[in-house]
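One structure is given below, encoded as structure tokens.
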Ligand code: KIV
Ligand code: ZN
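Residue numbers (the working numbering): 1 to 502.
Laid out in structure tokens, this is it:
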């Protein structure tokens with residue numbers, strides 16, 4: 001695609017995203033994310049802020065030499081040490097920034113507007129002397145006097161900046177104001193313009209889109225919207241809104257959005273809220289009878305896009321609002337056939353549980369169906385537990401070995417982990433790798449009775465590589481055995497739902 005035909009996606013997950021409180025990625029983790037972002041199709045990867053640490057320098061260097069298709073860029077303030085450190089990473093592009101708002105100039109940098117401009121010009125010339133592309137950000141641009149901002153950016157372009165960025169550093173902009181700023185800056189600067197929006201008022205995505213509609217060619221985004229404070233504009237939301245609602249193109253392969261989101265969540269430890277647009281667990285989940293009925297008849301009745309477009313699958317859960325169509329579909333996905341009368345009783349029982357405030361998972365529905373249908377319930381279990389051994393202690397690394405029977409074949413695997421449950425689950429995941437990548441998305445342990453011989457109830461939620469989800473539960477006196485049984489039950493439910501073993 002010619003550049004003017006699409007909006008460039010500048011991903012800053014590895015820089016602004018890593019500035020999320022509590023997030024710190026290792027070199028290996030940064031490299032894995034960078035490779036995934038490259039596969040996803042982002043145009044620019046902001047790999048880091050090299051001056052922050054030696055580890056950051058090494059990480060940016062390794063991303064710069066990883067042979068990625070995307071442009072790799074490093075952040076630097078307007079001073080020689082930052083720029084030299086960033087250049088030492090062998091990147092071909094630098095993102096230089098200096099604050100331009102009076103509030104930052106007076107209270108943070110303690111310099112005048114003129115001094116800030118002098119520093120910016122000097123540093124851009126210095127960086128350009130090293131033959132790199134320079135993107136320049138006027139930090140806190142949205143709180144900067146607009147006439148001064150325009151004069152400043154004009155001078156910066158004259159000094160050699162290749163691209164400009166308008167950051168809404170503290171997320172106070174409105175879409176109307178962002179349009180105005182972009183339009184006015186564009187009227188005096190003939191270089192590509194980016195917008196960089198923070199989400200303090202929940203407007204980051206909207207402000208980004210307003211900037212693009214006003215003529216910005218590039219959006220600074222992070223996967224899952226992670227970043228300082230309330231985060232940055234989220235890549236998945238902006239990209240999908242641009243594609244589906246605004247008729248704009250990007251080079252993102254949208255089918256890789258969900259796996260990228262999951263990877264970033266796993267490596268950063270930042271959990272995605274269930275109701276998050278596009279990538280939240282509930283984004284393609286249905287419970288209410290009216291909705292499930294509609295979706296089962298014709299998905300677009302209650303889904304704005306097909307889940308597959310972003311690499312996901314729809315799921316249906318029984319509950320207080322459920323109807324017989326949805327429950328029948330969920331029973332069928334679990335391999336359970338109920339006649340009309342049985343279905344009626346199951347629906348009533350589901351609603352009774354729902355009225356008591358319980359969510360009715362696959363495991364609950366199966367238990368209800370078992371009591372209603374009784375002996376006739378056909379159990380199809382492609383994966384069975386044959387053996388389990390665990391070793392744990394203070395001075396030994398917790399290790400588990402698990403033997404499973406999968407469609408008549410015995411398979412053994414051993415793994416280590418932070419404890420016996422973790423190692424046993426990992427061993428099961430290792431065995432499952434031959435047919436599916438199984439993620440444990442939720443794990444909950446409840447003691448049903450008191451004492452050290454208490455009955456433990458393990459409830460889990462698992463997801464396969466295609467985005468199918470299943471809920472399972474097991475009860476027993478031994479926490480490790482119950483966890484292993486729940487995991488295997490979850491895998492069996494997934495297999496039943498998708499028949500992933502061929
Ligand atoms: O939010 C911000 O202003 C930034 C700059 C470094 C561009 O992240
Ligand atoms: Zn930022």
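Built from N, CA and C at the ideal position, the CB exists for glycine as well. What you are looking at is a predicted structure, and each value in this text was computed from that prediction instead of being measured.
Quick check: residue 285 and residue 272, are their CB atoms within less than 7 Å of each other? No, they are not a contact pair.
What whole-angstrom Cβ distance do residue 164 and residue 193 have, given they're in contact under 8 Å? Here residue 164 really is in contact with residue 193; their C-beta atoms are around 5 Å apart, less than 8 Å.
Below 8 Å, how does it come out for the stretch 256-272 and the stretch 29-42: are there three or more Cβ pairs, yes or no? Here the stretch 256-272 lies against the stretch 29-42, with 3 or more beta-carbon pairs under 8 Å apart.
Regarding residue 107 and the ligand KIV, is the C-beta to nearest heavy atom distance less than 6 Å? Residue 107 Cβ: outside cutoff for every heavy atom of the ligand KIV.
Can residue 43 and residue 8 be called in contact, C-beta distance under 7 Å? Cβ atoms of residue 43 and residue 8: closer than 7 Å.
Between the stretch 110-130 and the stretch 164-184, do at least 3 Cβ pairs fall closer than 8 Å? Segment contact: the stretch 110-130 against the stretch 164-184, fewer than three CB-CB distances shorter than 8 Å; contact not assigned.
Out of curiosity, what's the CA-to-CA distance linking residue 318 and residue 373? Computed Cα separation, rounded: 17 Å.
Go through the stretch 82-159 residue by residue and report every complete run of the beta strand (DSSP E) that reaches 3 residues or more, in order. Every beta strand (DSSP E) of 3 residues or more that sits fully in the stretch 82-159 is shown, in chain order, as 93-99 and 133-139.
Secondary structure at residue 362, three-state DSSP: helix, strand or coil? Assignment of residue 362 by DSSP, reduced to helix, strand and coil, places it in the helix class.
Among 384, 394, 393 and 64, nearest to residue 412 - alpha-carbon criterion: That would be 384, whose Cα lies nearest to the Cα of residue 412.
When the Cα atoms are used, what is the spatial distance from residue 409 to residue 67? Cα to Cα, residue 409 sits roughly 41 Å from residue 67.
DSSP on residue 20, reduced to helix/strand/coil? Coil, per DSSP.
If you measure between the beta carbons of residue 134 and residue 75, is that distance less than 7 Å? Result no, Cβ atoms of residue 134 and residue 75 do not sit closer than 7 Å.
Nearest by alpha-carbon distance to residue 292: which of 322, 255, 269 and 306 is it? Per the Cα distances, 322.
Quick check: the Cα distance between residue 450 and residue 485, rounded to an integer number of angstroms? Using only the alpha carbons, I get a separation of about 22 Å.
According to DSSP, residue 11 sits in a beta bridge with which residue or residues? DSSP lists 45 and 221 as the bridge partner or partners of residue 11.
Check whether the Cβ of residue 16 sits closer than 6 Å to any heavy atom of the ligand ZN, and report yes or no. Under cutoff, so the answer is yes.
Sub-7 Å separation of residue 219 and residue 191 beta-carbons: No, the pair does not count as a contact, with Cβ atoms beyond the cut-off.
Closest to residue 344 by C-alpha separation, out of 492, 368 and 108, would be which residue? Comparing Cα-Cα distances from residue 344 to each of 492, 368 and 108, the minimum goes to 368.
Would residue 197 be called buried (16 or more neighbouring beta carbons within 10 Å of its own) or exposed? Buried, because 16 or more other Cβ atoms sit within 10 Å of the Cβ of residue 197.
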